[in-house]
Structures are given as C-alpha cells and as structure tokens.
Amino acid sequence: MTEFVSPEAMAEMIPSGVKLGLAPDGSGSCPAMIRLLIERGIRDLHVVCAPIGGMQVDMLIGAGAISVLETSAVSLGETGGAPCFGRAIRNGKIRMLDATCPAVFAGLSAAEKGVPYMPIRGIIGSDVLENRLDWKVTTNPFDENEKIVVVAAIQPDITLIHAPEADRLGNVRLGRRREIMLLAHASKKTFVTVERISETSLLDDEKLAAGILPAMYVSAVAEYKNAAWPTGLYAEYELDAREVDNYARAARTPEGFQAYMSSARSAA
Amino acid sequence: MTEFVSPEAMAEMIPSGVKLGLAPDGSGSCPAMIRLLIERGIRDLHVVCAPIGGMQVDMLIGAGAISVLETSAVSLGETGGAPCFGRAIRNGKIRMLDATCPAVFAGLSAAEKGVPYMPIRGIIGSDVLENRLDWKVTTNPFDENEKIVVVAAIQPDITLIHAPEADRLGNVRLGRRREIMLLAHASKKTFVTVERISETSLLDDEKLAAGILPAMYVSAVAEYKNAAWPTGLYAEYELDAREVDNYARAARTPEGFQAYMSSARSAA
Amino acid sequence: MTRECTNRELLIYTISRLLTGVRHVAVGMSSPMPAAGAMLLRVLNKKRGLGDVQVSILGSVKHNAFTSGSEELFDCAAQGRIDAFFLGGGQIDGKGNVNLVGTGGYPNSEVRWPGSYGSAYLYFLVPRVILFREEHSPRVLVDQVDFISAPGATEDGVYRRGGPHALLTSAALFTFQRDTNRFRLESVHPGRSAADIRGMTGFSFDNDHCEVETPGPDAETLALMRSQVRTELAETYPQFAASLPEAA
Amino acid sequence: MTRECTNRELLIYTISRLLTGVRHVAVGMSSPMPAAGAMLLRVLNKKRGLGDVQVSILGSVKHNAFTSGSEELFDCAAQGRIDAFFLGGGQIDGKGNVNLVGTGGYPNSEVRWPGSYGSAYLYFLVPRVILFREEHSPRVLVDQVDFISAPGATEDGVYRRGGPHALLTSAALFTFQRDTNRFRLESVHPGRSAADIRGMTGFSFDNDHCEVETPGPDAETLALMRSQVRTELAETYPQFAASLPEAA
Chain A
1 MTEFVSPEAM AEMIPSGVKL GLAPDGSGSC PAMIRLLIER GIRDLHVVCA
51 PIGGMQVDML IGAGAISVLE TSAVSLGETG GAPCFGRAIR NGKIRMLDAT
101 CPAVFAGLSA AEKGVPYMPI RGIIGSDVLE NRLDWKVTTN PFDENEKIVV
151 VAAIQPDITL IHAPEADRLG NVRLGRRREI MLLAHASKKT FVTVERISET
201 SLLDDEKLAA GILPAMYVSA VAEYKNAAWP TGLYAEYELD AREVDNYARA
251 ARTPEGFQAY MSSARSAA
Chain B
1001 MTEFVSPEAM AEMIPSGVKL GLAPDGSGSC PAMIRLLIER GIRDLHVVCA
1051 PIGGMQVDML IGAGAISVLE TSAVSLGETG GAPCFGRAIR NGKIRMLDAT
1101 CPAVFAGLSA AEKGVPYMPI RGIIGSDVLE NRLDWKVTTN PFDENEKIVV
1151 VAAIQPDITL IHAPEADRLG NVRLGRRREI MLLAHASKKT FVTVERISET
1201 SLLDDEKLAA GILPAMYVSA VAEYKNAAWP TGLYAEYELD AREVDNYARA
1251 ARTPEGFQAY MSSARSAA
Chain C
2001 MTRECTNREL LIYTISRLLT GVRHVAVGMS SPMPAAGAML LRVLNKKRGL
2051 GDVQVSILGS VKHNAFTSGS EELFDCAAQG RIDAFFLGGG QIDGKGNVNL
2101 VGTGGYPNSE VRWPGSYGSA YLYFLVPRVI LFREEHSPRV LVDQVDFISA
2151 PGATEDGVYR RGGPHALLTS AALFTFQRDT NRFRLESVHP GRSAADIRGM
2201 TGFSFDNDHC EVETPGPDAE TLALMRSQVR TELAETYPQF AASLPEAA
Chain D
3001 MTRECTNREL LIYTISRLLT GVRHVAVGMS SPMPAAGAML LRVLNKKRGL
3051 GDVQVSILGS VKHNAFTSGS EELFDCAAQG RIDAFFLGGG QIDGKGNVNL
3101 VGTGGYPNSE VRWPGSYGSA YLYFLVPRVI LFREEHSPRV LVDQVDFISA
3151 PGATEDGVYR RGGPHALLTS AALFTFQRDT NRFRLESVHP GRSAADIRGM
3201 TGFSFDNDHC EVETPGPDAE TLALMRSQVR TELAETYPQF AASLPEAA
C-alpha cells in the first residue's frame, strides 16, 4: 500500500546510512527533497546514480551526506563541472565507485530480475574495471575462449524520484523514462514526489499504461509542485540554467555552498 | 527504413528455414499472416514463442512448417489442448525445446543486451533443464557455493507480430505489451501487421511514447485489418472463442485440419 | 434458510485460509477458484481491519497492475513482491514434483499437456506455492511424475526461498513438510474418510489416518461469499460466478 | 561573393566525410558539431539518392526515437543498430586510450572530470567511434593517459567489434590503425603544417610528415551547410546554429 505523505514526512522516512537510488538531473531528479534531507542532517549515504548525477548529487556531497558514490559521471551539464564533487574527490572525502552507464543498468537489471549478477560486454582493459572489486572477469560459459565481465546486482534500499503525476492508488506516470522504471523495480522501496495527483486511475487509460510505475513498487507519494527546480522535469519543464549557474558559482568554495543552501532555505 | 508493403508481399519476405519469433495468442498474434505463410508453403521454421504459443503455432505445426519449436507451452487456452501440437509430439514430427517462461525472456534479454547468455534462478532439478543442451549449470562468480543456470541468448531472425497501429515513419504502438518490445529488440528484423496507420507520428504524444516500438526495429509494416482474428488483440478486440473451438474440433484429425485451412482460404 | 456450503465454496474458503497473511497473490486468468479465494481473503481482511491484499490476475486487462510485459510477473516474484501463487499439474507426486508436460515418454509423449509455463521458476521464488487440483485420483496424484516441470525439493547450493506449501483437492487438504519432503494430510473434506483419501492417492503421505474434517466458513463468511465476493468475481469470471450460490 | 569556409565548417564537413555509409549515428545533446556533421551527411545522402541517415540526439525529446529509457542506447549499440558514435576526452593517447575521469592520481584526482559515461562500453560495440576534440595540444593529446576510461586496443579473447576510427581536432585529422594500434596523420587543416602538428601532439604517430591538406566542402555543399543544415541544427542547437555563417 502506498502512503500519501507531506514532503517533510517523506524526508523523515529516509534514514542515514541507506543505499539511495537517484535519477539524473532533469529525468526524475528532486533537488527540493534533497534540500529537505540535507536540512535534516542526513549522513553516510551510499548513492547510486542511474546512471549519472548532477546538481542534486553535488549538493549532497557538499553537505557531507555521501560516503560512497556509485556513478558513471557527475556533471552540471552545460554549466560545467560539479564543484563539491571535484573538491570531495581531491580531498578524499567520498569513496568513489566509478562506473560506466550500461554497467549501472546491468547491475540494476540483475536486481530487477533477482539474479546475483549480469554479464556485460566491453569494459575489459579500462581502469574503471581495475577499480571495481564488485566486478569480475569471467569466462563465457558457452565459449571458453571469451572473457566477459560480470557485475554484481545493485539493489538500492530506497529510490527517491520526482515525476509528473501519481494517482490515488499510488501508480506513478514516468512516461518513456524507463530507466527510472528499472531503478524502481530494482529498489526495495521507492519514494516519489509529484507535480500533481490524478483523481482517476492512471491505469484506466491503456495508452498511458506502458509509462506507468505500478503502485506495488511505490512506498510513498508526496505532492510537491516544482520540486525538480532548477534541474527540470522531462517533458514538463525546462532546466533553469541561470540558477544552476548561480549554484555552480557559489559552490566553488565550501563557504559559498553553505551560503547558497541557507539562502535557498530562507527563500523557501 | 521501414518498408510499407501488402500482407502478401510481407509473406514473401519471410523465407523458409528462419528462426521466427511469435507473440502469444491475443497479445500480438497474427493468424492471418500465418495462413499466408502456410499457403506459400513455408517450411523448416525454428519458432520461438515469447513465451507461449497457441492457435497460430498449432496451425504452423499442422501444416508441417515447423521443425524446431522453442516454447514454454502450447495451448488453445479455454478451448483446451492444441491438437496438431499433441499429434506432432506423439509422432516425433517436431524437435521440441521445452522452456519455462522466464528462461525465454532471459534468452531474449541476452540478445537485447548483446550478451551471449543470462543467468536465471530456479530451474535446477527440473527435467526442462535436463533436456536443454543450450542451458548450463554454472557457479555464481560472486558465491562459489551457489549453482545457477545460464541460458544462451535467443535471437530470432524475424519476428512477426500484429499491433493496433503504426505511423508513416514505421513506429508501432504496442502499449503495455512490453514482452513484444523485448522480442522485437532481440530480433534481427521485425515485421508488423497493423489494424490501422496513423498519419501523425506516434512519438509526438509523450504520453504514448513508452508503449511505442521505434521504427529502427521495424523492417516492414502492412495494414491488415482484423488480422489477429480469431485469437484477438489486446485492448482492441476479444478472442472469438467459437471460432477457436471450431478450429480445435476440425484439427483433431490431419484431414480435418486441411479442410479447415482450405475453407478459411475460400472464406477469405 | 441458508443453503449448505458447497464443495466449491469449501475450497474457496480453504484457499482463503491458506493465503492468510499474504499481501500480493498472483493467479492465472483461467483459475477462478484461486482468484475467488484471494478475493475472499481481501474482503475478510478489510472487514477485520487487516492489511490490504493485492490480487493480480494474469492476462486480465483490468485486474492486472503490471505494465512491463509478461516478464514483470517473474521479475516481481524474484524481487520478493509476490507472496503466493498457485500451480496445478497433470501429475503431482509425493515429493511435491509437478508435471505440466506429459506422460508416456519424452519428448514424444503419448499424452502431451501444454508445457511447464513459469513453474520451473516460480516454484523456487514464490514463498507460498499452493498446489491446487480438483481431481483427486491416483492418475493425478502419483508416486513419481513422468516429467519434472518443477521440482518439489532442491539440493543444497541452489537458491530457493519458495516451494510447495499445501496441496488442495476436492477431497482433502495436505501440507508440505519441507524437512522431510513429504505431504501430510491435514484434513478431509466432509463426506470423505482418511481411508478414502488413501485409496484415491497414488503416493504415501504422513498422518494418513487423519480424522480432522476440513472446516467450512461460518454463516457470516458464507453470506459474504454469496454477495460481495460473488459480485467481484463476476467482473472477471462471469460464467464461474454464475455457477456459485447467490445470497437469497 | 561566398565567405570562405570557417574552421568549424571544415570540421563539420570532415565529420560528414568520416560518417560516409552509416545508417544510424548517435550524438550527445551537448555535441553540436558531430550532430551538424551527421545532419550534413543526411542532407547530402538525400540529395544523392543514397540511404537515409538516422541521427539520434541523446537527451533530446524531439530528435530521439528511443522509448525504453537511457539503457536503450547501449542495448541498441550491442544489437548492432548504431554505426557511429563520438567520444571526446580530457586526454587521448597515442594508443587510442581515452580518459574522461581525471589527472593527478586516482581516486583522489587533482583534476577531476565528470566520469567515463558509456565510453568503456560503446568503444567496444560501435563499429566507428570518432574521437573528436577541438583542442589540439600536448595537454590533451598525451603519450599515455592518466586513467583509461576506455581502451583503444584490446587483448584477444575479448569481444570487440568497435573502436577508434579517426581522431579529429581543430588542426588535423588522424585515422587509427587497428593493426598497429597507432594513429596516422591523414591531413592537416589549412594554415597548419605537419611540423606544427608534431609540436602540438604529445604522442608519436605515423605519416608525421604528411603534406595533405584537409579538403573543405565545395561551394554547393557549403551553401547547403549555410541554409538547410543550419536551419535543421537550429531546432536543437539554436545558439550553436546562430554562431555559424548564414547563406547570403
């Protein structure tokens, strides 16, 4: 059963120390919830980016909330490098699990399908592989002459995403962002903030159905308008590039980052 | 580039001897095209059912067109057993690759993801496994105490399906029948008959997008109204149970089957 | 005066008891009895203020929340999101092995059934698999199946969190004992004796002199079955619902 | 009088030449030059009655036919449905290795870039990977990358059907020779000499006295670039299109 809660109550439901799945900026990212988590003082997260991170991940790093980061990239897109990420890497403040996008998807697919691992082509010879103890080079069981990588299943404890719409049953419309569907299938629990709540079932319209995350995967829903600002929400509203630039400029120093986060709070 | 052809021309594009992917009755089955293939005298097919077969598979068996059958089941649903299938099994007329549904999906997923195999839990201790030389029991590379089955990739040469709608670009609406999406992704070519052709792009409506098979997977489209009769088309029209019963009664003998197929031709 | 509980109603009620505590049960489109049992549990839970029961009817457009194709059922089971499932079987043997493929040789079986479907997988991954077959005869309940579609027991070193939970027929209820891999007769339906069951069963089982009669629903539950559950059933299984007694 | 071909136009034209024969090319949303080259090829093919070129712009809603999430690009590449892709790189070395991660130690890199994205995979599976980096300097084109995001060459026994095809910078065009795992200087852009290129490149390469000048587009092609291609580009990359010369 999906619970319907306030954003603040949802933030209370995400404890420190969990493996947290997050969507890329603009495809289901929820910086407003990230701010609530930071205000609450969340710590020691193992963040899984599906498959890359942006502003919301940089904010969590800046706040010292991430201990392990599993991602194929962290970037502010057109704005450039993610400042807190770069600083944390230099200072050794986070344990980095550098990945490559399809390997993240393979790990999530393994969790989705309930298998302990998934084979994936490529990767051999890269330093990405050299630094991942949870990936192994094996022999293809059907061809003893082929070496092939296997990656372990990735099962987030909680996935936190923003979506256009949920209904009162807990079904959530993701549209063609099927990587978020995969992330939710792979996760033990999924928490979703939405722009609006539909009073009719989203599964009533057969044409919508393929883009609906069914309620059985959705532990809680909170209505939270504009919660993807400034990173944008796919097919709903655009990135606010000026605000991301403001953030990037401010976050160049730890003090600037703190000041940005405080002013964001007072503005809210 | 998707070609737009007549059903007859499409039948000419499917040669004997190929590995042919088919949808279950009622979820993308196309008995009308199967009849055209049989009339053309198609032979020696390796049919992959995704993951089960029904009337259209039974008709192909009755016509002697199948040499290898890879499926988790063949049944006429409420009507009962598939008569030509049962006869062919008794007489050893087809080589049977008995499967279990998720293993078919695992094999198709392997082809979709371009890996040679996929691990899958369960199955060990069943006679299904004992009879599949293309499945192996391996050791989980992350836990030497766990035995786990791996199934080889299944890549049909051609998948043949019926769908509600295509647009002029070759995009096809499947809706939530995502197992057909998987089948098309896994196949080298996909041929699609449709109830109707949309003059506007099906990808223009973001709400539809998650249920659309993109044109890049679709080799050819033929408009063929009611081509799923009598097996039905998901969310469009129901099974014609009386006609399936007629078929089942007729197909109890080889002669009855031949008579049924001839009269279907003259009725068409 | 209320009509007596029919055998079908007894089975539906027994299924609801076997499902006690589940949150999500999946049933096949052509399995109205398991669906009815699950729907009864849902109604009873609601009445008692207990947890909601999700019933997924495979193949149904309306009572089916899956949106990722027919592979989603199997993924969902692997994720631990399905608590109970039903398996039938052309043959079921005393070790809990199920045969959905055929008899009289393989591959050229004399009698061929449709095939194993998802059994070889779901039997391992769904915690509570209920074997349900109305026919109770030595033809169906055999000492050793001719073909193992899905094994009742599994060697060490193979991941298995699910398996046979109970076997329900029109004549009796057995539970499966995973430590000994044998069935135990739990109760005999009204009108039958343990001796009848021994004669009708092709395998040996424990507690074979069982004198417990399978309990039927109380009057209130029976009334619910004949009103609310019957109405819900009719949405998906109109013919089957029509065959059940209706509240006066 | 037509304005002379600019360096950017030369690069776009060169990209279109490198893509000759492809049916499907994928480009990143923040890669307007590769997109422009692919769009030019599409226009030229249409004009010449050659095959259609599908251009998938990742992250674009409109110019993106994928409907199965961002994993579909990788699946599609594995299925052989993507013929060409572009990789940049903070560092590219003489063996075709690409570094998208950082310099000055790992994991605590002094300079950290975003990360490897899909490079470690696509470099193996897309037949024609074009390395494209406008900056041509010993800082970028190094003898040995600090971190291998994606290797240029691969040992036997590892499936690989793709890899580096060419390296294009604002100063020169190299091809990659898979037999020797070395770059070969194919042509030098107008205004530069082979000696310049040797000085600007941190790795050794073959044909390092190359005297071929990179050919620019003919007047007709240049006119197309400044009209139809520019218009098409503007739909997705308005700022970039505005920075290109327009037909008089």
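Chains as they are written, first to last, in the numbering used here: chain A, 1 to 268; chain B, 1001 to 1268; chain C, 2001 to 2248; chain D, 3001 to 3248. No residue lacks a Cβ here, since even glycine has one placed at the ideal position from N, Cα and C. All values derive from a computational prediction rather than experimental measurement.
#1: Measuring alpha carbon to alpha carbon, tell me which residue in C:V2140, C:V2101 and C:N2108 is nearest B:R1090.
#2: How close, in whole Å, do the beta carbons of C:C2210 and C:A2194 come, if the pair is a contact with beta carbons under 8 Å?
#3: Measuring straight from C-alpha to C-alpha, what distance separates A:R242 and A:R252?
#4: Contact criterion: CB-CB distance below 8 Å. Does B:M1118 meet it with respect to chain D?
#5: Output the residue ranges of the alpha helix (DSSP H) runs that lie fully inside the segment 2088–2124 of chain C and measure 4 residues or longer, sorted by chain position.
#6: First and last residue of the beta strand (DSSP E) that includes A:V194?
#7: Check each candidate in B:L1133, B:P1102, B:A1209 and B:E1130 and name the one with the smallest Cα separation from B:I1120.
#8: Looking only at its own chain, which residues have a Cβ that is under 8 Å from the Cβ of A:E3, when we skip the five neighbours before and after it?
#9: What span of residues does the alpha helix (DSSP H) with C:R2230 cover, start to end?
#10: Does the distance from the CB of A:H185 to the CB of A:L233 come in under 8 Å?
#11: Using beta-carbon positions only, say whether C:A2084 and C:S2056 come within less than 8 Å of one another.
#12: Taking only beta-carbon atoms, is B:P1031 less than 8 Å away from chain C?
#13: Nearest-angstrom Cα distance between A:I14 and D:F3086?
#14: Using Cβ-Cβ distances below 8 Å, what residues of the segment 1137–1168 of chain B are close to chain C?
#15: For D:R3003, count neighbouring Cβ atoms within 10 angstroms of its own Cβ and tell me buried if that reaches 16, exposed if not.
#16: Specify the secondary structure class of B:Y1260 as computed by DSSP and reduced to three states.
#17: Based on the DSSP secondary-structure assignment, which residues constitute the bridge partners of C:V2158?
#18: Assuming C:G2037 is part of the alpha helix (DSSP H), what are its boundary residues?
#19: Decide if the segment 3144–3162 of chain D is in contact with the segment 111–127 of chain A; the criterion is three or more beta carbon pairs, one per stretch, under 8 Å apart.
#20: Taking DSSP as the reference, what is the three-state secondary structure of A:S109?
#21: Let's see if you can read the secondary structure: which residues bound the alpha helix (DSSP H) around C:C2076?
#22: Starting from B:M1055, trace the beta strand (DSSP E) in both directions and tell me its first and last residue.
#23: Since B:L1036 and B:E1008 should fall inside the 8 Å C-beta cutoff, what is the C-beta to C-beta distance between them, to a whole number of angstroms?
#24: List the endpoints of the continuous alpha helix (DSSP H) containing D:E3134.
#25: Given this structure, state the Cα-to-Cα distance separating D:L3011 from D:G3102, to the nearest angstrom.
#26: What residue does the alpha helix (DSSP H) around C:S2016 start on, and which one ends it?
#27: Quick one: list the residues of chain B neighbouring A:R178, beta-carbon separation under 8 Å, in chain order.
#28: Listed in chain order, which residues of the segment 3002–3032 of chain D have Cβ atoms closer than 9 Å to some Cβ of chain A?
#29: With a threshold of 8 Å between beta carbons, is B:G1114 in contact with chain A?
#30: Does the distance from the C-beta atom of C:L2050 to that of C:Y2013 stay below 8 Å?
#31: Listed from N- to C-terminal order along the chain, which residues in the segment 3051–3066 of chain D have their beta-carbon within a distance smaller than 8 Å of any beta-carbon of chain B?
#32: Do C:F1994 and C:G2162 have their C-beta atoms within less than 8 Å of each other?
#33: Just list the alpha helix (DSSP H) runs in the segment 207–255 of chain A, keeping only unbroken ones of 4 residues or longer that don't cross its boundaries, in chain order.
#34: Quick one: Cα of D:M3001 to Cα of D:A3247, how far?
#35: Kindly list the residues whose CB is nearer than 6 Å to the CB of A:E165, restricted to its own chain and excluding five residues on each side of it in sequence; keep chain order.
#36: Answer yes or no: do A:V244 and A:M55 have a C-beta to C-beta separation smaller than 8 Å?
Concretely, from the data shown:
#1: C:N2108
#2: 5 Å
#3: 16 Å
#4: no
#5: none
#6: K189 to S198
#7: B:P1102
#8: S219, A220 and V221
#9: R2230 to T2236
#10: no
#11: no
#12: no
#13: 39 Å
#14: N1145, E1146, K1147 and I1148
#15: exposed
#16: helix
#17: B:K1147
#18: P2032 to R2048
#19: yes
#20: helix
#21: E2071 to A2078
#22: No beta strand (DSSP E) holds B:M1055; the alpha helix (DSSP H) holding it covers M1055 to G1062.
#23: 6 Å
#24: Here D:E3134 belongs to no alpha helix (DSSP H), and DSSP marks it neither H nor E.
#25: 26 Å
#26: N2007 to L2018
#27: A1210
#28: M3029 and S3030
#29: yes
#30: no
#31: G3051, D3052, Q3054, V3061, A3065 and F3066
#32: Chain C is shown only over 2001 to 2248; residue 1994 of chain C falls outside these bounds and no answer can be derived.
#33: 241–250
#34: Because D:M3001 carries a pLDDT of 46, less than 50, the predicted location of this residue cannot be relied on, and the following value inherits that uncertainty. Straight-line Cα distance between these residues: approximately 11 Å.
#35: R173, V194, R196 and S198
#36: yes
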